[in-house]
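Taken in sequence, the protein lines are chains A and B.
Sequence positions in the first sequence follow numbering that gives the first Met the number 0 and run 0 to 332.
Sequence positions in the second sequence follow numbering that gives the first Met the number 0 and run 0 to 332.
Virtual Cβ for every residue (Gly too), placed ideally from N, Cα, C.
These numbers were taken from a predicted model, which means no experiment stands behind them.
2 protein chains.
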Amino acid sequence: MGIGEFEFIEKIRQRAARGPLIKLGIGDDCSAITVPAGQHLLTSTDLLLENIHFRLDWTDLASLGQKSVAVNVSDIAAMGARPLCVYLGLGLPPGFTDEQLDQFMDGFFAALEQEQLFLTGGDTCRAQESLTIAITIQGLCPEGQQVTRSTAEVHDDLWVSGTLGDSALALARLQAGKPLSEFLAARHFRPRARAELGWQLGSHKLATAMLDLSDGLAGDLTHLLTASAVGACIDLDQLPLSEEFQKALIVDPRLLDLAICGGENYELLFSAHKHNRTRIEDLAQEFGIPLRRIGTVIADEELVFMGAEGQPYQPQLRSFDHFATPGKPLPSS
Amino acid sequence: MGIGEFEFIEKIRQRAARGPLIKLGIGDDCSAITVPAGQHLLTSTDLLLENIHFRLDWTDLASLGQKSVAVNVSDIAAMGARPLCVYLGLGLPPGFTDEQLDQFMDGFFAALEQEQLFLTGGDTCRAQESLTIAITIQGLCPEGQQVTRSTAEVHDDLWVSGTLGDSALALARLQAGKPLSEFLAARHFRPRARAELGWQLGSHKLATAMLDLSDGLAGDLTHLLTASAVGACIDLDQLPLSEEFQKALIVDPRLLDLAICGGENYELLFSAHKHNRTRIEDLAQEFGIPLRRIGTVIADEELVFMGAEGQPYQPQLRSFDHFATPGKPLPSS
């Protein structure tokens, strides 16, 4: 790399927009922000490591920059809140060029602009071998509005946004050396967080519990159920699947498990009172966001997947555990 | 490792203390905190990478856990503020054992307790080859109290806490394969941030500009001078040096450059009006914190080091740039 550390910091400092709540941005020991009265500050942090979370021979760097923002925005959306600003930690391996850094930052800033977010700090250094990305995001939420995982109630509906399994199907194809369609590539490499949906569900108090699907439906739903001390019955016939996923499923029915257990959907999963069904459907229509009711919260603390004829189904893939599967972001199909 | 990702999260969740301002801690998509009216939220983030920032054959993991907290507390102290909570991102390489993880977390939690900080979130995953630590810290600061780098004034005194160069001397000895004294090992592996000093200087409005010394006196002072559009004259005779450093300096006078340019001091460097000298000295005495007046802010935008006989001195080491020196946290002596 030709650029020096402080030259790089100065370059991104000039590029980072400043909002009215940002009192101090990049360039000091800390950022300083104002949190308006009656609001909570929300924070989430994510590590993205080369060859663990992404491969540079699969993704272009602009997409990676964009995805780094999206996966964090998704965490704020899952609380029913709005994102405000991000902090970017970057460890750059030997041989990483100025052009590569520019490509990453272009995708990163494009996503910030799209989500109306500010870059307010970070840390840059060399890495020994692989690209290291650490992102922290902060958001604002009116007190009492935040939707946690622990407040789902028995008899609630369970809803999910978008379609499931596309990202996992893309990964399975990449791992098998097969080409990706534009659609699957976009779902895997350039996910968009459901920022507006999260905010609408939060501000209208329509979700009783919510999280974002990063580890897969089965795994993440289990987190929600455990936190809420309830169970769920999921109607497999109702899982929202893209056209491309459905076509693949006809060829290989075992791919269903990718929709159930595959990670990186970055869709929102939430519980809601039955009497709010119409309001939620209206919201989906108003904002053009696909929403599907996939099951019900039950009192028994178990997770049951039901097939079309009412038979229970046991997926063969286990849900994702970062410590258990070194180097593989997802089980391949 | 025997422990699973979610078992680990549950384990540290139980261990993480909760304060009155922490509305939601570990275990959801985000943390939620209350920022009292009239206060700003401060945030800083740091990456610590194996074989870039630390070597596991040199440091024990408890010290590393402790240092990970200290270097972040130092950033909050440098704003004249108080730290509140931290977020821990951990990428664990293959072969990293449960015992190693416990040791790291023991040191980490010990430092949190010492600084009365809360662990409010994080992210854990496998790393491909080397231990990856990403820490974000948040602090609170009454509005108008934060001390930035950009407000030093001509004729101000320049002060520094503690002693300079010990950590760099320790590193030079490690790199030369020499043993470390207890004192040098503590200064390098287990630095304590100047948390109380930062807060006192901020709350009594005694510092006109401040930062913490992580990259070395020459480098960090340059950041402060550039941000403030001023210069400085530093009296080398006044640099605070530990007894051990002074002894080493007698043997090899070139080591002076380690006090001037060597990084990882984690001391505070600040400017202050001349008429506050007595108040600052009283503060130093009250809290038992060594403080030394090392120079003066000047109008010419240059940094001059003056020897005992008034002759200018040019250090031979350049200040630290993370992009320029792959794999070496500091130039060796």
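Check: Is the shortest distance between the beta-carbon of H39 (chain B) and the beta-carbons of chain A less than 8 Å?
Finding: As a position in the second sequence, residue 39 (chain B) is number 40, starting the count at 1. For H39 (chain B), the nearest CB of chain A lies under 8 Å from its own CB, placing it at the interface with that chain.
Quick one: is A16 (chain A) near chain B, going by C-beta distance under 8 Å?
For the purposes of this step, residue 16 (chain A) is taken as the residue at position 17 of the first sequence. Cβ-Cβ to chain B under 8 Å: no for A16 (chain A).
#### Entry: Between the CA atoms of L255 (chain A) and I293 (chain A) - distance to the nearest angstrom
To locate residue 293 (chain A), count along the first sequence from 1; it is residue 294. To locate residue 255 (chain A), count along the first sequence from 1; it is residue 256. The alpha-carbon atoms of I293 (chain A) and L255 (chain A) are separated by roughly 15 Å.
Q.
Taking the beta carbon of P82 (chain B) as the centre, do at least 16 other beta carbons fall within 10 Å, making it buried, or is it exposed?
A. Taking the first residue of the second sequence as 1, we reach residue 82 (chain B) at position 83. Buried.
Item checked: Under 8 Å between C-beta atoms of P314 (chain A) and A217 (chain A) -> To locate residue 314 (chain A), count along the first sequence from 1; it is residue 315. To locate residue 217 (chain A), count along the first sequence from 1; it is residue 218. Yes, the pair counts as a contact, with Cβ atoms nearer than the cut-off.
*Is there at least one Cβ from chain B nearer than 8 Å to G138 (chain A)'s Cβ?*
Reading the first sequence from its first residue, position 139 is the one you call residue 138 (chain A). For G138 (chain A), the answer is yes, since a Cβ of chain B falls inside 8 Å of its Cβ.
- prompt: Quick one: is Y86 (chain B) near chain A, going by C-beta distance under 8 Å?
  reply: Residue mapping note: residue 86 (chain B) aligns to position 87 of the second sequence, counting from 1. Chain A, which has a Cβ nearer than 8 Å to the Cβ of Y86 (chain B), makes this yes.
request  = Ignore the nearest five residues each way along the sequence and tell me which others in Q99 (chain A)'s own chain have a CB closer than 7 Å to its CB.
outcome  = Stepping through the first sequence from its first residue, residue 99 (chain A) is reached at position 100. For Q99 (chain A), where only same-chain residues beyond five positions count, the Cβ hits under 7 Å are L60.
Shorter than 8 Å from the beta carbon of G124 (chain A) to some beta carbon of chain B? Position 125 of the first sequence holds residue 124 (chain A). In the sequence as presented, Gly is not what sits at residue 124 (chain A); that position holds Cys. It does: the Cβ of C124 (chain A) has a partner Cβ on chain B nearer than 8 Å.
Check: Does the beta carbon of Q145 (chain A) come closer than 8 Å to any beta carbon on chain B?
Finding: Here residue 145 (chain A) corresponds to residue number 146 of the first sequence, with the count starting at 1. Output row for Q145 (chain A): interface = yes.
Self-check item: When A:R12, A:E280, A:Q127, A:D299 are compared against L196 (chain A), the one with the closest alpha-carbon
Solution: Position 197 of the first sequence, counted from the start, is the residue given in the question as residue 196 (chain A). Of A:R12, A:E280, A:Q127, A:D299, the residue nearest in Cα terms is A:E280.
_Check whether chain B comes within 8 Å of T295 (chain A), counting only Cβ atoms and requiring the distance to be less than that._
Start at 1 with the first residue of the first sequence, and residue 295 (chain A) comes out as number 296. No, because no Cβ of chain B sits closer than 8 Å to the Cβ of T295 (chain A).
Check your understanding: Just the Cα atoms here: how many angstroms apart are K246 (chain A) and T150 (chain A)?
Key -> The residue given as residue 246 (chain A) occupies position 247 in the first sequence. The residue given as residue 150 (chain A) occupies position 151 in the first sequence. Rounded to the nearest angstrom, the two C-alpha atoms are 37 Å apart.
- Is Q144 (chain A) helix, strand or coil by DSSP? Mapped onto the first sequence, residue 144 (chain A) falls at position 145. Note: Q144 (chain A) maps to coil in three-state DSSP.
Helix, strand or coil for I136 (chain B)? Go by DSSP, reduced to three states.
As a working mapping, residue 136 (chain B) is identified with position 137 in the second sequence. Three-state result, I136 (chain B): strand.
Chain B contact for T96 (chain A) (CB, 8 Å cutoff)
By one-based count along the first sequence, residue 96 (chain A) stands at place 97. Taking Cβ atoms only, chain B never reaches closer than 8 Å to T96 (chain A), which makes this a no.
Return the CA-CA distance between H272 (chain B) and I233 (chain B), expressed in angstroms with no decimal places. As a working mapping, residue 272 (chain B) is identified with position 273 in the second sequence. As a working mapping, residue 233 (chain B) is identified with position 234 in the second sequence. Between H272 (chain B) and I233 (chain B), the C-alpha separation is close to 16 Å.
- Close-in-space but distant-in-sequence residues of the same chain around A192 (chain B) (CB under 7 Å, 5 per side omitted): Reading the second sequence from its first residue, position 193 is the one you call residue 192 (chain B). So the qualifying residues of the chain are A69, V72, S73, A76, Y265.
In chain B, what lies closer than 9 Å to M78 (chain A) by C-beta? Position 79 of the first sequence holds residue 78 (chain A). Taking the beta carbon of M78 (chain A) as reference, the chain B residues within 9 Å of it are L23, D27, D28, C29, A31, listed in sequence order.
Closest to I11 (chain B) by CA distance: which of B:A194, B:V85, B:D56 is it?
Locating residue 11 (chain B) in the second sequence gives position 12, counting from the first residue. The shortest Cα separation from I11 (chain B) among B:A194, B:V85, B:D56 belongs to B:V85.
Problem set entry | 8 Å Cβ cutoff met for I136 (chain B) and S62 (chain B) | As a first step, residue 136 (chain B) must be located in the second sequence, where it is residue number 137. As a first step, residue 62 (chain B) must be located in the second sequence, where it is residue number 63. No, Cβ-Cβ distance for I136 (chain B) and S62 (chain B) is not below 8 Å.
Residues of the region 235-261 of chain B in Cβ contact with chain A at a cutoff of 9 Å, in chain order, please. none
- Message: Here's the rule I'm using: 16 or more other beta-carbon atoms within 10 Å means buried, otherwise exposed. How should D56 (chain A) be labelled?
- Response: Residue mapping note: residue 56 (chain A) aligns to position 57 of the first sequence, counting from 1. Exposure of D56 (chain A) is indicated by the presence of fewer than 16 other C-beta atoms within 10 angstroms of its C-beta.
- Got a sec, what are the start and stop residues for the beta strand (DSSP E) V70 (chain B) sits in? Stepping through the second sequence from its first residue, residue 70 (chain B) is reached at position 71. No beta strand (DSSP E) contains V70 (chain B), which is instead part of the alpha helix (DSSP H) from 60-76.
Sub-8 Å separation of G215 (chain A) and L302 (chain A) beta-carbons
Mapped onto the first sequence, residue 215 (chain A) falls at position 216. Mapped onto the first sequence, residue 302 (chain A) falls at position 303. Result no, Cβ atoms of G215 (chain A) and L302 (chain A) do not sit closer than 8 Å.
**Request:** Tell me where the beta strand (DSSP E) around W57 (chain A) begins and ends.
**Result:** Against the first sequence, residue 57 (chain A) aligns to sequence position 58. Unbroken run through W57 (chain A): none, as it is neither H nor E.
Three-state class that DSSP yields for C260 (chain B) in the structure shown: Looking up residue 260 (chain B) in the second sequence gives position 261. The answer is helix: DSSP assigns C260 (chain B) an H, G or I state.
Exercise. L89 (chain A): which of A:L200, A:L48, A:E112 sits nearest, CA to CA?
Worked result: Within the first sequence, the letter at position 90 stands for residue 89 (chain A). Considering only alpha carbons, the answer is A:L48.
*Decide if S332 (chain B) is buried, meaning its Cβ has at least 16 other Cβ atoms within 10 Å, or exposed.*
Numbered from 1 along the second sequence, position 333 holds the residue referred to as residue 332 (chain B). In this prediction, S332 (chain B) scores a pLDDT of 30, lower than 50, which makes its location untrustworthy; the coordinate-derived value is nonetheless stated afterwards. The residue in question, S332 (chain B), is buried, as its Cβ has 16 or more Cβ neighbours within 10 Å.
Hey, which unbroken runs of the beta strand (DSSP E) at 3 residues or more fall wholly within the region 71-111 of chain B?
-> 81-91
Is G143 (chain A) buried or exposed, if buried means 16 or more other CB atoms sit within 10 Å of its CB?
-> Counting from one through the first sequence, the residue named residue 143 (chain A) turns up at place 144. Exposed, by the Cβ-count rule.
| task | List the residues of chain A whose Cβ lies closer than 7 Å to the Cβ of L46 (chain B), in chain order. | result | In the second sequence, the residue the question calls residue 46 (chain B) occupies position 47. What L46 (chain B) touches in chain A: G88, G90, D122, C124, T131, A133.
* Out of curiosity, what's the CA-to-CA distance linking F108 (chain B) and L200 (chain B)? -> Counted from its first residue, the second sequence places residue 108 (chain B) at position 109. Counted from its first residue, the second sequence places residue 200 (chain B) at position 201. Approximately 27 Å between the Cα atoms of the pair.
* **Interface flag, L302 (chain B) vs chain A, CB-CB below 8 Å** => Taking the second sequence and counting its residues from 1, the one referred to as residue 302 (chain B) is at position 303. No, no contact with chain A.
Would you mind stating whether F188 (chain B) and T295 (chain B) have Cβ atoms separated by less than 8 Å? The residue given as residue 188 (chain B) occupies position 189 in the second sequence. The residue given as residue 295 (chain B) occupies position 296 in the second sequence. No, they are not a contact pair.
key: Cβ shell of F7 (chain B) (< 8 Å), same chain only, five flanking positions each side left out   = Numbered from its first residue, the second sequence carries residue 7 (chain B) at position 8. Cβ within range, chain order: L100, T123.
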